[in-house]
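Take a look at the structure below.
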Amino acid sequence: MADDTRRLGRDPRVRATLLALAAIGGWLDGLTFVALGTVFVTAVTGDLVQLGISIADGRWSALAVLVAALAAFMLGTVVSVVLVRAAGARGWPGPVRRPLFVHAALLLVFAACWTAIGDPQPESIAAVLVVAVAAASAGIQAAIVVGLGIRGANVSAVTTVLILLAAGFAEREGDVPGPRSDLPLSELFLILAVYCASGLVVALALSEKAGVLAWVPAAVAIAVIALVPRRDPKLAPG
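Below is the structure:
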């Protein structure tokens with residue numbers, strides 16, 4: 041089984057999908073963090089600290105945005121896990137195809153809402169709406185990698201990827217027990233680099249009109265769907 045998932049992780053289409061999802065996650069986090077008041081929609085664990093700070097400061101509008109991000113992320117993950125389980129065994133492409141369509145659809149809704157609102161203001165009702173939609177799409181993304189069954193492929197949990205990268209370097213110095221990944225260290229590093237670079241591009245490109253930037257994740261998600269064949273039993277682990 042481990043050999044199957046490692047082989048799956050080396051497939052060019054799977055690798056391209058993981059990197060594209062990492063790019064989407066970094067792009068969304070960069071956009072919402074800079075434009076909507078320091079809220080993450082992909083790396084949502086960072087919102088937990090902000091949650092406590094908002095309560096301490098009595099910033100209830102900020103609290104509403106953060107709660108929306110966390111709740112929508114969890115809801116998206118639940119929906120995606122249900123879709124993955126309905127597809128049966130993990131692998132490629134069966135369990136991930138439907139979640140990818142839902143993921144792309146939510147990103148289209150996110151971009152459409154952002155454009156219709158005309159750049160939502162931080163800590164506003166509009167911000168709650170667009171953050172919730174974006175976080176739901178990120179929750180869908182998180183469960184997509186569960187469907188692949190590849191350890192260490194959770195591109196939305198960048199802290200986990202960082203831990204696996206560090207553990208991989210430690211194992212080079214000897215037989216060190218710890219978390220393991222089915223992806224090579226170079227791939228883990230590339231996932232982190234793509235996530236970071238996406239946020240950098242957004243921060244540099246962001247202007248008073250961020251409407252165009254809001255459409256980029258949807259475009260990438262649609263391109264990812266084109267990579268996914270209807271059937272490819274050779275890439276189904278187990």
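Each residue of the sequence shown is one higher than the last, beginning at 41 in the working numbering.
We treat Cβ as the ideally placed atom computed from N, Cα and C, and that holds for glycine.
Three-state class that DSSP yields for residue i in the structure shown
{"i": "Pro277", "result": "Its pLDDT being 48, under 50, Pro277 is placed unreliably in this model, and the coordinates cannot settle the point."}
{"i": "Leu76", "result": "coil"}
{"i": "Ala42", "result": "Here Ala42 scores only 49 on pLDDT, less than 50, and its place in the model is too uncertain to base an answer on."}
{"i": "Arg50", "result": "helix"}
{"i": "Gly284", "result": "Since the first residue shown for the chain is 41 and the last is 278, residue 284 is missing from the structure and cannot be characterised."}
{"i": "Ala166", "result": "helix"}
{"i": "Asp69", "result": "helix"}
{"i": "Ser196", "result": "coil"}
{"i": "Gln161", "result": "coil"}
{"i": "Thr57", "result": "helix"}
{"i": "Val173", "result": "helix"}
{"i": "Val81", "result": "coil"}
N-terminal and C-terminal residue of the alpha helix (DSSP H) that residue i is part of
{"i": "Thr155", "result": "Gly134 to Ile157"}
{"i": "Leu110", "result": "Trp100 to Ala126"}
{"i": "Ala96", "result": "Thr85 to Asp97"}
{"i": "Pro257", "result": "Gly251 to Leu267"}
{"i": "Val242", "result": "Leu225 to Ala245"}
Distance CB(residue i)-CB(residue j) smaller than 8 Å
{"i": "Leu76", "j": "Ala258", "result": "no"}
{"i": "Ala60", "j": "Val260", "result": "yes"}
{"i": "Ala62", "j": "Thr117", "result": "no"}
{"i": "Pro160", "j": "Val170", "result": "yes"}
{"i": "Val242", "j": "Val81", "result": "no"}
{"i": "Gly189", "j": "Pro139", "result": "no"}
{"i": "Leu267", "j": "Thr57", "result": "yes"}
{"i": "Phe113", "j": "Val142", "result": "no"}
{"i": "Val79", "j": "Val105", "result": "yes"}
Within-8 Å CB hit, residue i to chain D
{"i": "Phe141", "result": "In the structure shown, chain D cannot be found, because there is only a single protein chain."}
The ligand NAP heavy atom lying under 7 Å from the CB of residue i
{"i": "Ala178", "result": "The ligand NAP is not part of the structure shown, which contains no ligands of any sort."}
### Message
Contact between the region 169-181 and the region 95-115 is defined here as three or more beta-carbon pairs at a separation below 8 Å; is this criterion met?
### Response
Touching, per the Cβ criterion.
### Message
Any contact between the region 117-124 and the region 144-154? By contact I mean 3 or more CB pairs, one from each, below 8 Å.
### Response
The region 117-124 vs the region 144-154: no contact.
### Query
Would you call the region 62-73 and the region 133-142 in contact, with 3 or more CB pairs under 8 Å?
Touching, no.
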